[in-house]
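Novice: Got a structure here, written out as structure tokens. Questions coming.
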Amino acid sequence: MLEVKDGKNRMVLLLRNSTKKQAEKKINDLGKVEYDIPLQRDILTPWAERQGYVIIKEFVEGGISGFKVSAEKRDALVEIKAMANRGEFDVLGIYMSDRLGRIADETPLIVSYLNARGIKVLSYNDGEISSKTHDEKLMTYIRYWQAEGESIKTSKRIKDAHEMAVEQGKWRGGNPPYGYRTVSKGTLNGKGRPIFDVEIDPQAAEVVKTIFRLYKEHYAFKGIAKYLNDNNILTSAGGLWSWNQIQDILHNKLYIGIYELGKKNNEIRAVSPVMEHLVIISENDFNEVQELIKRNTKIPNSKRPTIRGSRILTGLLECECGKKFTSQTNRAVRKKADGTESLYERTIYRCSSYRTPKIGQCDKLPIKADDLDEAVIHDVKNFMLKTDFDKLLQSNDDSLKEKEALMCLQVKQLERDKIQLEKELKKLSEEVCKVIMGESQWSQTMLSNLISSKEKELSEISKKQGAIEDRLKDLSAYLAERKTLYADLDNWVERFNIQENAEKKTMLINVIDKITIYDDKATVKYKFKCDYLPGGSKYDKSNDIGFESVLEGGVLCPARVQSTYQPNRAILYL
825 MLEVKDGKNR MVLLLRNSTK KQAEKKINDL GKVEYDIPLQ RDILTPWAER QGYVIIKEFV
885 EGGISGFKVS AEKRDALVEI KAMANRGEFD VLGIYMSDRL GRIADETPLI VSYLNARGIK
945 VLSYNDGEIS SKTHDEKLMT YIRYWQAEGE SIKTSKRIKD AHEMAVEQGK WRGGNPPYGY
1005 RTVSKGTLNG KGRPIFDVEI DPQAAEVVKT IFRLYKEHYA FKGIAKYLND NNILTSAGGL
1065 WSWNQIQDIL HNKLYIGIYE LGKKNNEIRA VSPVMEHLVI ISENDFNEVQ ELIKRNTKIP
1125 NSKRPTIRGS RILTGLLECE CGKKFTSQTN RAVRKKADGT ESLYERTIYR CSSYRTPKIG
1185 QCDKLPIKAD DLDEAVIHDV KNFMLKTDFD KLLQSNDDSL KEKEALMCLQ VKQLERDKIQ
1245 LEKELKKLSE EVCKVIMGES QWSQTMLSNL ISSKEKELSE ISKKQGAIED RLKDLSAYLA
1305 ERKTLYADLD NWVERFNIQE NAEKKTMLIN VIDKITIYDD KATVKYKFKC DYLPGGSKYD
1365 KSNDIGFESV LEGGVLCPAR VQSTYQPNRA ILYL
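If you use this note's numbering, the sequence shown corresponds to residues 825 to 1398, in order.
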């Protein structure tokens, strides 16, 4: 970092725009894509020099929304605040005040944070932005309240424009589905940028036709994905096809020239007329495929395979290839010998690589869920019965007491913030009388909104304080009841046996880190956390101690898991 000796003139620049289209795309030295903002730099650099500042560092946020992205998720602001804590610069330079952010309840706090550490915030367009005095805090809040309002209005205008464009049969922008490509026909918008249209990509369109043809020939979604992958036909992103990508294509009405805005969010806001120049699949073929899909899914699964499934081990299972094992329920209607129909149902666990099938890829066979559940639960019970938890509990007192002290400091800081907000609300309430008498510079609406926002902020702080105080009570009770806690662990198996499935799953998640599935065995890695507090509160996640048991006994295969294995061959990870 550049050392500056003559006075407080070290400046950090923050360049930001909201969309990547407004930024200049470039490749850095590591070969990664970055988005630069040269226009703001060209203005701010000579401006800083004229004012006697030396720029020591520059942060660029290309395509980062100051309205939708909070400060804690913006790497540039996190680093700027860290530098401020270390006293590494004196001034933050920005092009306009809203480059810092557009969130009324958050951005003024960033200004206050920097000012409290002796750092000025200077805007090329707006001058100094300060929260050092009470009046300046009020003005800064109003500034960013107005900026947030402009973002809301802009978002509404864009949404309305997109809907109107779709209803008029115009492409609204963005990446088109597979089978199409964007093209510029020389038309420019008001800012001199090209307006992109969409047209059929002949080569990809043939693949789309093949997908529809294969489904009509009774290929399943997975079978079509495997066919494309095995023939080295890649997706638009250059990757492998998955069955859900095939499903999305077969349901997309754009292939018959109709664009539905909002379909991905299950909230169709606008529908276009038929756009003949985008038709790839005939309406008859499309409708025939939809009928086939309905016929092939007489009894659809209520849930797609997910790590958050209803099965007791979902979320804990991992394949040796690195992908998750997920649950899947197969349902079908079968006719009995007497002619009656019955519902057949079987649940399995399988490696999620089946969604992107390809020759040479992980092809681990599925496992009957009931058998694996039984084997793992048996092993967990052995682990809980044989482990000496008393020794493990003793090692966690110090860390819990540190957490208790930290939460006490947080409560005190929140109390100070509450007092400050109450003072500001009192002063704003005094301003109400002046508004009524016509002696105030604020309008009634603006002052009312400001008071409402401050009251909301005060309410949020009170909630946070209350939550931390409740956690402190739980922690204090926990530290005072070690023997009771040990007794709860000591009868874990008895309590597990009488719980419902959902509660059993929660108990397993608390003791199992992960279960890895191999061709000939399954390993269960346990974790022990001293966080079994009343009310389900959790504290000590950092001091997990892992154990590993091995379920052995042959190849895990469909419909069965071998029941002969060596339980609790535990290894302590130090």
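All residues carry an ideal CB built from backbone N, CA and C; glycine is no exception. Nothing here was measured: the structure is a model prediction, and the numbers come from that model.
In three-state terms, what does DSSP make of N833?
Specialist: Correct three-state label for N833: coil.
Novice: Could you spell out where the alpha helix (DSSP H) holding D1195 opens and where it closes?
Specialist: Here the alpha helix (DSSP H) through D1195 covers A1193 to K1210.
Novice: Can you pull the DSSP bridge partners for L1167?
Specialist: Paired residues: V1157.
Novice: Touching or not, the stretch 1141-1152 and the stretch 1172-1182, by the rule of three or more beta carbon pairs under 8 angstroms?
Specialist: In short, these stretches touch, since the Cβ pair count reaches three.
Novice: Do you know offhand how far G993's Cα is from F1036's?
Specialist: Each residue's Cα considered, the two are about 25 angstroms apart.
Novice: Across the stretch 961-969 and the stretch 932-939, are there enough close Cβ pairs to call them in contact, namely three or more that are closer than 8 angstroms?
Specialist: Counting Cβ pairs under 8 angstroms, three or more are found: they touch.
Novice: CA-CA distance, K1205 and I1336?
Specialist: Their backbone Cα atoms lie some 12 angstroms apart in a straight line.
Novice: Based on Cα-Cα distance, which residue from E972, E1327, I1322 and R1005 lies nearest to S889?
Specialist: Considering only alpha carbons, the answer is E972.
Novice: Under DSSP, the beta strand (DSSP E) around I953 begins and ends at which residues?
Specialist: Note, I953: beta strand (DSSP E), G951 to I953.
Novice: Where does F1320 fall in DSSP's three states?
Specialist: It is helical.
Novice: Name the residue from V1007, K1159, D1197 and S1286 whose alpha carbon lies nearest to the alpha carbon of L1332.
Specialist: Among V1007, K1159, D1197 and S1286, the Cα nearest to that of L1332 belongs to D1197.
Novice: Among E1228, S1267, S1283 and E1246, whose alpha-carbon lies nearest the alpha-carbon of S1300?
Specialist: It is E1228 whose Cα lies nearest to the Cα of S1300.
Novice: Report all residues from its chain with a CB closer than 6 angstroms to the CB of C1186; omit the five preceding and five following residues, and keep chain order.
Specialist: Same-chain partners within the cutoff: C1145, C1175 and S1177.
Novice: Identify every residue that forms a DSSP beta bridge with Y1004.
Specialist: Its beta-bridge partners are I1024.
Novice: Using only the alpha-carbon positions, how far apart do P1124 and R1155 sit?
Specialist: Note that P1124 scores 44 on pLDDT, short of 50, meaning its location in the model is unreliable and no value can be drawn from it.
Novice: Are at least three pairs of beta-carbons, each pair with one atom in the stretch 1285-1296 and one in the stretch 1236-1246, less than 8 angstroms apart?
Specialist: A contact exists between the stretch 1285-1296 and the stretch 1236-1246.
Novice: Rounding to the nearest angstrom, what Cα-Cα distance links N1068 and M1231 in this structure?
Specialist: Looking at the two C-alpha atoms, the distance is approximately 46 angstroms.
Novice: Can you name, in chain order, every residue of its own chain whose Cβ lies under 7 angstroms from the Cβ of L813, other than the five neighbours on each side?
Specialist: What the structure shows of the chain is the stretch from 825 to 1398, and residue 813 is not part of that stretch, so it cannot be assessed.
Novice: Put I1104 into one of helix, strand or coil per three-state DSSP.
Specialist: In this structure, I1104 counts as coil in the three-state DSSP scheme.
Novice: Leaving out five residues on either side along the sequence, give the residues of the same chain with a beta carbon under 8 angstroms from the beta carbon of N833.
Specialist: The residues are G876, Y877, V878, D914 and V915.
Novice: Using the DSSP secondary-structure output, state which residues sit across from N841 in a beta bridge.
Specialist: Looking at the DSSP assignment, N841 forms a beta bridge with G886.
Novice: So, with DSSP's three-state summary, where would you put G1062?
Specialist: In the structure shown, G1062 sits in coil (DSSP, three-state: anything other than H, G, I, E or B).
Novice: Mark D866 as exposed unless 16 or more other C-beta atoms lie within 10 angstroms of its C-beta, in which case mark it buried.
Specialist: Classification of D866: exposed, given that the 10 Å Cβ count is below 16.
Novice: So I1183 is in the alpha helix (DSSP H); what residue range does that whole segment cover?
Specialist: Note, I1183: premise wrong, no alpha helix (DSSP H); not H, not E.
Novice: With the cut-off set at 9 angstroms, would you say P1181 and K977 are in Cβ contact?
Specialist: Cβ atoms of P1181 and K977: not closer than 9 angstroms.
Novice: Name, in chain order, the residues that DSSP records as bridge partners for Q1152.
Specialist: DSSP, once it has assigned bridges, lists I1172 as partnering Q1152.
Novice: On the DSSP letters alone, give me the boundaries of the alpha helix (DSSP H) that G1047 sits inside.
Specialist: F1045 to D1054 is the span of the alpha helix (DSSP H), which, as asked, contains G1047.
Novice: According to DSSP, which residues form a beta bridge with G917?
Specialist: Answer is L837 and L946, bridged to G917.
Novice: Considering only their Cβ atoms, is the gap separating L1064 from Y1039 smaller than 9 angstroms?
Specialist: Their beta carbons are not under 9 angstroms apart, which means Y1039 does not touch L1064 by this criterion.
Novice: To the nearest whole angstrom, what separates the beta carbons of R840 and R923, a pair I think is in contact under 8 angstroms?
Specialist: Their Cβ separation, rounded to whole angstroms, is 5 angstroms, which keeps R840 and R923 in contact under 8 angstroms.
Novice: Assign K1236 to one of three DSSP states: helix, strand, or coil.
Specialist: In the structure shown, K1236 sits in a helix (DSSP, three-state: H, G or I).
Novice: The alpha helix (DSSP H) spanning R868 covers which residue range?
Specialist: As written in the sequence, residue 868 is Leu, which differs from the Arg given in the question. Taken as a continuous stretch (DSSP letters only), the alpha helix (DSSP H) holding L868 covers P862 to R874.
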